[in-house]
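*Asks:*
In full-length UniProt numbering, the protein residues as written are 1 to 501.
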């Protein structure tokens, strides 16, 4: 009863039996006092205590070491693993599954949610280790990292491509600047990237505001640096950056004075950190669009020699394999020469990520079927871009223009157009005629759960500067930080960082 709970000591813990009827209704219990820590077996209230948190993962760990019994040591290991997991930052997939925001450790969250995908990879290894240590195991596990990957793969949560990128990033973590450090998802991503050893994160923004927000989200900033571009302590750096910028772009309207004023802007300051060598990579947080940040990056960092533009690419890991999509953010309506440059940049990036690019240039026309003398729209532009590539870069495996079905159905394409230069090959790289089609496609794939997405990855600038929406899921920002750190390490030829096929 309420009265019984009110007689208890401070911060009382009540685990109320729920079947068939609760010992005390949730509403009555929480109404009895504000400091109550309350849990039941019910899924419709916070702190559901359910054997699904333990039994499946205890059994998994026991089976994987062929344990002769499930002893007290193994059960205690499961308990501690569950308790430790509750104190970790909660992934966005769990928040979304329960239609909640910013679930964090506290009186209404003392143990993980049953749908948390991390339970298997947290509890089963702990149980297996306890079985080995206590002598109950008949089989030993020696490579625990590989065992963890195996468990995630069983659940369908392992992305080998992302893991491969992460392994390279961890070999030499680089200094990655997050432009919008005061936004929740960028803040969470920076903390997570630091915890996973993917990079050394630097958050740009007001130090007090960032610390207050991190505290409200129960995030530790121990491994994260904060830089406030507007703070008086950064005056010397603002002056240095302004001098560098005005000297470099003096004939493009950049005076020292207006360059100094621009250093109060996080995008300018962050990109100048990379340009000046104070950071290795920059991730600009965008709101309505990427145009402004991309323009700044193009001016300061510069486009690679031999190209007229830069672009962005998305990597989508699907059940059919890995696909590379471009351009997904930068170039709106392009001419044939620009489209050819985007294709070349994308092909180079695909090779850089240790894949052989097989490129389809997309349109609503197939190999000239919808091209007319007066046409000035996408089929003729794509057709001309393909001609440029075939003439100047005959070694590239590219063809078009073609519809999406022809690109993805090898047998249909080869049967209908046997002359195509992709004959017998499965396409893994899709070049879109404009941003309308590319943006709609990758966003649709993401929303429909086609696979894990990495991007937008900038291709074509002289240094690693990337752009992503501040509303992007935390995991996507972490993935982009992984790529940024990896790119910076390889760019600087640091350590033994490389990608293998």
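The beta-carbon is built from N, C-alpha and C at its ideal position, and this holds for glycine as well.
Can you look up residue 236 in the DSSP assignment and give me helix, strand or coil?
*Replies:* Helix at residue 236.
*Asks:* With DSSP as the reference, please indicate the residues paired to residue 403 in a beta bridge.
*Replies:* Residue 403 pairs with nothing; no bridge assigned.
*Asks:* Ignoring anything shorter than 4 residues or poking outside the region 288–355, list the alpha helix (DSSP H) runs there in chain order.
*Replies:* DSSP runs (the alpha helix (DSSP H)) wholly in the region 288–355: 291–300 and 336–352.
*Asks:* Taking the straight line between their C-alpha atoms, what separation do you get for residue 191 and residue 365?
*Replies:* If I take the Cα positions, the gap works out to 47 Å.
*Asks:* In or out: residue 262 buried (at least 16 other Cβ within 10 Å) or exposed?
*Replies:* The residue is buried, with at least 16 neighbouring Cβ atoms inside 10 Å.
*Asks:* Are the region 312–332 and the region 426–436 touching by the rule of at least three beta carbon pairs closer than 8 Å?
*Replies:* Yes, the region 312–332 is in contact with the region 426–436.
*Asks:* Checking the sheet assignment: what are the DSSP bridge partners for residue 452?
*Replies:* Answer by DSSP bridge pairing, in chain order: 317.
*Asks:* If I measure Cβ to Cβ from residue 165 and keep anything under 7 Å in the same chain, skipping five residues before and after, which residues do I get?
*Replies:* Here the set comprises 482, 483 and 486.
*Asks:* If you draw a straight line from the alpha carbon of residue 8 to that of residue 16, how long is it in whole angstroms?
*Replies:* When rounded, the distance between both Cα atoms is 15 Å.
*Asks:* To the nearest angstrom, how far is the alpha carbon of residue 454 from that of residue 139?
*Replies:* In a straight line, the C-alpha of residue 454 is about 37 Å away from that of residue 139.
*Asks:* Kindly indicate the opening and closing residues of the alpha helix (DSSP H) around residue 42.
*Replies:* Segment: none, residue 42 is in no alpha helix (DSSP H) and carries neither H nor E.
*Asks:* From residue 334 to residue 107, what distance separates their C-alpha atoms?
*Replies:* Spanning the two alpha carbons is a distance of roughly 55 Å.
*Asks:* Using the C-alpha atoms, what's the distance from residue 215 back to residue 375?
*Replies:* With a pLDDT of only 48 at residue 375, under 50, the local geometry of the prediction cannot be trusted, and no value is derived from it.
*Asks:* My parser needs the alpha helix (DSSP H) runs of 4 or more residues fully inside the region 45–103; what are they?
*Replies:* With a minimum length of 4 residues, the continuous alpha helix (DSSP H) runs that stay inside the region 45–103 are 55–64, 72–86 and 92–97.
*Asks:* Taking DSSP as the reference, what is the three-state secondary structure of residue 384?
*Replies:* In the structure shown, residue 384 sits in a helix (DSSP, three-state: H, G or I).
*Asks:* Quick check on the DSSP output: the beta strand (DSSP E) that includes residue 477 runs from which residue to which?
*Replies:* Element bounds for residue 477: not the beta strand (DSSP E) but the alpha helix (DSSP H), 474–491.
*Asks:* When DSSP builds the beta bridges, which residues end up paired with residue 276?
*Replies:* For residue 276, which the question treats as bridged, DSSP gives no partner whatsoever.
*Asks:* Sorted by chain position, which residues of the same chain lie with C-beta nearer than 6 Å to residue 121's C-beta, five sequence neighbours on each side aside?
*Replies:* Cβ neighbours of residue 121 beyond the five flanking positions: 148, 151 and 152.
*Asks:* Can residue 141 and residue 130 be called in contact, C-beta distance under 8 Å?
*Replies:* Against a cut-off of 8 Å, the Cβ pair of residue 130 and residue 141 comes out as no contact.
*Asks:* With respect to the beta strand (DSSP E) encompassing residue 370, which residues constitute its N-terminal and C-terminal limits?
*Replies:* Segment: none, residue 370 is in no beta strand (DSSP E) and carries neither H nor E.
*Asks:* Confirm, please, whether the CB-CB distance from residue 406 to residue 316 is below 8 Å.
*Replies:* For residue 316 and residue 406, no; Cβs fall outside 8 Å.
*Asks:* Can you tell me the Cα-Cα spacing of residue 117 and residue 91, whole angstroms?
*Replies:* C-alpha separation (whole angstroms): 9 Å.
*Asks:* Helix, strand or coil for residue 125, going by three-state DSSP, please let me know.
*Replies:* Looking at residue 125 - three-state DSSP - the assignment turns out to be helix.
*Asks:* Please list the terminal residues of the continuous beta strand (DSSP E) segment that includes residue 8.
*Replies:* Looking at the DSSP string, residue 8 is not in any beta strand (DSSP E), and its letter there is neither H nor E.
*Asks:* Would you identify the three-state DSSP class for residue 253, choosing helix, strand or coil?
*Replies:* Coil at residue 253, not helix or strand.
*Asks:* Between residue 362 and the rest of its own chain, which residues show a CB-CB distance below 8 Å, the 5 nearest in sequence each way excluded?
*Replies:* So the list reads 382, 400, 401, 402, 403, 404, 407, 430, 431, 432, 433 and 437, once near-sequence residues are dropped.
*Asks:* What residues in its chain sit with their C-beta under 6 Å from that of residue 73, if we drop five residues either side in the sequence?
*Replies:* Correct list, in chain order: 130 and 134.
*Asks:* Determine the burial state of residue 144: buried for a count of at least 16 other Cβ atoms within 10 Å of its Cβ, exposed for fewer.
*Replies:* Flag for residue 144 reads exposed.
*Asks:* Note down the Cα distance separating residue 469 from residue 187, rounded to an integer number of angstroms.
*Replies:* Answer to the nearest angstrom: the Cα atoms are 13 Å apart.
*Asks:* Which value, in whole angstroms, describes the spacing of the CA atoms of residue 324 and residue 301?
*Replies:* Whole-angstrom Cα-Cα distance: 24 Å.
*Asks:* For residue 206, which residues from the same chain have a beta carbon less than 8 Å from its beta carbon, with the 5 sequence-adjacent residues on both sides left out?
*Replies:* Closer than 8 Å at the Cβ level, and outside the excluded window around residue 206, lie 182, 228 and 230.
*Asks:* Less than 8 Å between the C-beta atoms of residue 50 and residue 41, yes or no?
*Replies:* Yes, these two residues count as a Cβ contact at 8 Å.
*Asks:* Out of 105, 298, 357 and 204, state which residue places its alpha-carbon closest to the alpha-carbon of residue 85.
*Replies:* Looking at the Cα atoms, 105 is the closest of the given residues.
*Asks:* Pick out the complete alpha helix (DSSP H) segments inside the region 143–218, 4 residues or longer, and give them in chain order.
*Replies:* 144–155, 160–171, 184–195 and 207–216, all fully within the region 143–218.
*Asks:* Residue 176 and residue 283 - do their beta-carbons sit closer together than 8 Å?
*Replies:* Yes. Within cutoff.
*Asks:* Would you give the residue range spanned by the beta strand (DSSP E) that residue 358 belongs to?
*Replies:* Where residue 358 is concerned, there is no enclosing beta strand (DSSP E), given that its DSSP letter is neither H nor E.
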